[in-house]
Amino acid sequence: MVENQRWLDILAHAVLILGVLIVAFPVYVAVIASTHEPSAFIQGTIPLLPGANAVETYAGVFRGGVASQMSVPIGVMLMNSMIMALSIAVGKIVISILSAFAIVYFRFPFRALAFWLIFITLMLPVEVRIVPTFQVISTLGMLNSYSGLTVPLMASATATFLFRQVFLTIPDEMLEAARIDGAGPMKFFKDILLPMSRTNIAALFVILFIFGWNQYLWPILVTTDDSYQTIVAGIKRMADVVDSEPLWNSIMSVTVLAMLPPVLVVIFMQRLFVRGLVESEK
Amino acid sequence: MQTKRTIFGNQGLPYLLLAPQLIITGIFFLWPAAQAVYMSFLREDAFGLSSTFVGWRNYARLFENEEYLDSINVTIVFSISTVVLALGTSLLLALAVDRMIRTARGYTTLLVWPYAVAPAVAGILWWFIFNPTIGIMPYILENLFGYDWNHLLDPDDAMILVVIASAWKQISYNFLFFVAGLQSIPASLREAAAIDGAGPFKRFWSITLPLLSPTTFFLLVVNVVFTLFETFAVIDATTEGGPAQATNILVYKVFQDGYVGLNFGSSSAQSVILMGLVVILTFIQFRFVERRVTY
C-alpha cells in the first residue's frame, strides 16, 4: 500500500463487513424461516433465530402435496432445473464452438452474413419478443417438452464470440503443422482446438449452468404441465395464493433449495467462474 | 473481420458446422422478431378472428396512451435508481477490497455468490423481508422511524422494494469487474501522487476514478440492459407491476398487454420499440469493446 493509514484500513474492513452482512441477510432470513413451523408466520415478525421444524419442512417439500400450493414434489422440479441447466450449457457450448470454428478457419460465401446473423441473437432478449416467440413454440408443438424448454435458448452470440477470440489467439503454425501431418479439419478440431480451449470451455460451462438454472420467464411460457415445472419458476406459483396466507416456511425452504446448486457452483469453482464471467463479457 | 492466414479449403463443411446455430437463430430469433414487426402494423378484432392493416397507428396510440407514458417514466426512475445503487455500493466494496492484502480473497468469496441467485429468487427474498405484516424491515421502520411501510398499497414503497432487490442481485457482478479494473491501475501512479502529498480522497478523485472510467462505462451499459430486461423476473415475482402501475416497467408491460391482455398489436409495437432500444445499447457496448480489446 501507498502509505499506512490505520483508520482507512479499519474503515475498509467496516465497509466490507457491512457489505457481507447486507448481501447475506436475505439468505440468512430465508434459511431461518425454513426451520420454523407455519404458525410462526401468522403474527409478530419473522423469527431471526433457528426453529426446530427444519427436518419436517424440508421433508414436506420433498414429499409434495403437504403444502396446498404445491402439486409437484420438489424433487421433480430440481430434476427439471438440472436437466434444463445442463442441456442449455452443453448445447450452447457445442453449437457455438462449431460455429466459431467455421467462422475462423474457413472462408466461404456469406461468411460475414452468418457472423451478423449470430450477432443479432445478442440483441433480442426473450423478454422483448415474448408473444411471437410463444406463438412459434406452440406452432411447432414444443410446449410442455424438454426440447421446448432448452433448444430455443441454445443459440448464443456471446459464447460464439468467446470461442472466436480463443481461436484467433491460437498461432497459425498449429494449423500449418497439422496440415503438413495430413490432418483434416475435424481431426484438427478434435486433437488441437478442443484440448487448447479446455479451460475456456470449463469457465463458460460454469456461467452457462447458472444462466440455465436461473431461467424464469421461459419455463413459465413454455410449460403449463406441472411435471415440466422448474424450481425457479415454481416458487412464484407457491407464493401466489389468494385465499390463504402463504406457507412461508415451505416457500423459503424451496427458495433455499433453488439457490443452493448455482451458489455452490460459484463458491467451489470461483476461479473458473470469475474467468468465465470476465471472458464472456469481453 | 479477422481470419487466419492459413485456412481449410472445404466448401461444404463450414455450412454444416454453422447449421445448428443458424437454424436455431432463424426459428427462434429472427422469425419471432419479424413476426413482432409484422404484427405491430396490424390490429386484431376482439375475437382474434380477423386483423386489419393499420400502419403506424399502434405506435401512435402508444405515445398518446397515458399508461404507456407512465410506464416509460417508471422505467426511467427504476433504471436510474437501480444502476446508481448497484454501481455505488459495489464500487465502495471494491475500493475496500483493493486495500486488503491477505483477506481480499475471503471477502471476495463472501461477496460474489449472489451472482448465482436468480432474479426471481432475489425478488422473493426481499418480498419476504419487507412483508408488511410479518416482515422484519417494516417492523424496524415502524419502531425506529414511525414509518408505515406497505408496498402493497404505496407506490413509492413498491418501487423502493424492486430497486433494492434488483440492485442486490447485481452488486456481485459489478464488484468483480470493479476489482479487476482497480487492479489494472498501476500502483506507481498512486504512489507518485502520494509522494506529491495527495491524500486518499484526492487520489481517488484525480487518479483512481478517471482511470476506472472504461470499466465504469462498460458496467453502466451492462447494468442498464439488466434493469431494462432481466429485472422482468424481479417484478413478476414481487409486485407484478402494481400497485396502480407503479412498478410496471416497459418490458413487463409488453408481457402484460400481449401474453395476459392478448392485445397483440400494441404489445408487438412495444416489442419493436424495445428491440430498437437493445440494438442501440448493444452497438454502444460493442463500439466501446472494439476500442478496448487489442489482439
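Each protein sequence line maps, in turn, to chains A and B.
Using numbering that gives the first Met the number 0, you'd call the opening residue of the first sequence number 0 and step up by one each time.
Using numbering that gives the first Met the number 0, you'd call the opening residue of the second sequence number 0 and step up by one each time.
Don't be surprised by glycine CBs; every beta carbon is placed ideally from N, CA and C.
Boundaries of the alpha helix (DSSP H) around L174(A): 171-179. Counting only the Cα atoms, K189(A) lies some 15 Å from L12(B). With contacts defined as CB atoms closer than 9 Å, I234(A) and V259(B) fail to qualify as a contacting pair. According to the DSSP assignment, E65(B) belongs to the alpha helix (DSSP H) that extends over 65-98.
The beta-carbon distance between E55(A) and L161(A), rounded to whole angstroms, is 46 Å. This is too long to meet the 8 Å contact definition.
Interface residue (Cβ-Cβ distance to chain A less than 9 Å): G257(B) is classified as such. Here V165(A) is not near A101(A), since their CB atoms are 9 Å or more apart. Neighbours of V250(B) across chain A, judged by C-beta separation under 7 Å: E126, V127. Straight-line measurement puts the Cα of Q4(A) at about 56 Å from the Cα of F62(B). The count of Cβ pairs closer than 8 Å, one atom from the segment 71-84 of chain B and one from the segment 165-180 of chain B, reaches three, so the stretches are in contact. Taking a cut-off of 8 Å for Cβ pairs, the segment 37-44 of chain B and the segment 200-220 of chain A do not touch, as fewer than three such pairs fall below it. In summary, W6(A) is exposed, with fewer than 16 beta-carbon neighbours lying within 10 Å of its beta-carbon over all protein chains present. For Q228(A), not one C-beta of chain B is nearer than 9 Å to its own C-beta. Residue-level contact by beta carbon fails for Y146(B) and chain A, as no gap is shorter than 9 Å. Within the segment 110-131 of chain B, contact with chain A at the beta-carbon level (separation under 8 Å) is assigned to L110, V111, W112, P113, Y114, A115, V116, A117, P118, A119, V120, A121, I123, L124, W125, W126, F127, I128, N130.
In the DSSP annotation of this structure, the continuous segment of the alpha helix (DSSP H) that includes L10(A) starts and ends at 5-32. Partner residues in the beta bridge of F52(B), as assigned by DSSP, are L41(B).
The segment 75-83 of chain A and the segment 222-237 of chain A touch, with three or more beta-carbon pairs separated by less than 8 Å. Excluding the 5 residues flanking it on each side, V220(B) has same chain C-beta neighbours closer than 8 Å at L280, I283, Q284, F287, in chain order. One alpha carbon belongs to V26(A), the other to W247(A), and they sit about 14 Å apart.
Assignment of F109(A) by DSSP, reduced to helix, strand and coil, places it in the coil class.
Beyond the five residues adjoining it in sequence on each side, V233(B) comes within less than 8 Å, by CB distance, of P118, A119, A121, G122, V161, A164, S165, K168 in the same chain, given in chain order. With fewer than three CB-CB distances shorter than 8 Å, the segment 242-262 of chain B does not count as touching the segment 202-212 of chain B. P108(A) sits exposed, since fewer than 16 C-beta atoms from the chains shown fall within 10 Å of its C-beta. Rounded to whole angstroms, L90(B) and F177(B) show a C-alpha spacing of 6 Å. Around the Cβ of M251(A), a 10 Å sphere holds 16 or more other Cβ atoms; the residue is buried.
In the DSSP annotation of this structure, the continuous segment of the alpha helix (DSSP H) that includes M76(A) starts and ends at 73-104. Under the three-pair Cβ rule at 8 Å, the segment 256-266 of chain A does not count as touching the segment 128-137 of chain B. The beta carbons of N149(B) and D155(B) sit about 10 Å from each other, so the pair does not count as a contact at 8 Å.
By the criterion of a C-beta distance shorter than 6 Å, Q269(B) is surrounded in its chain by V253, once the five residues flanking it on both sides are discounted.
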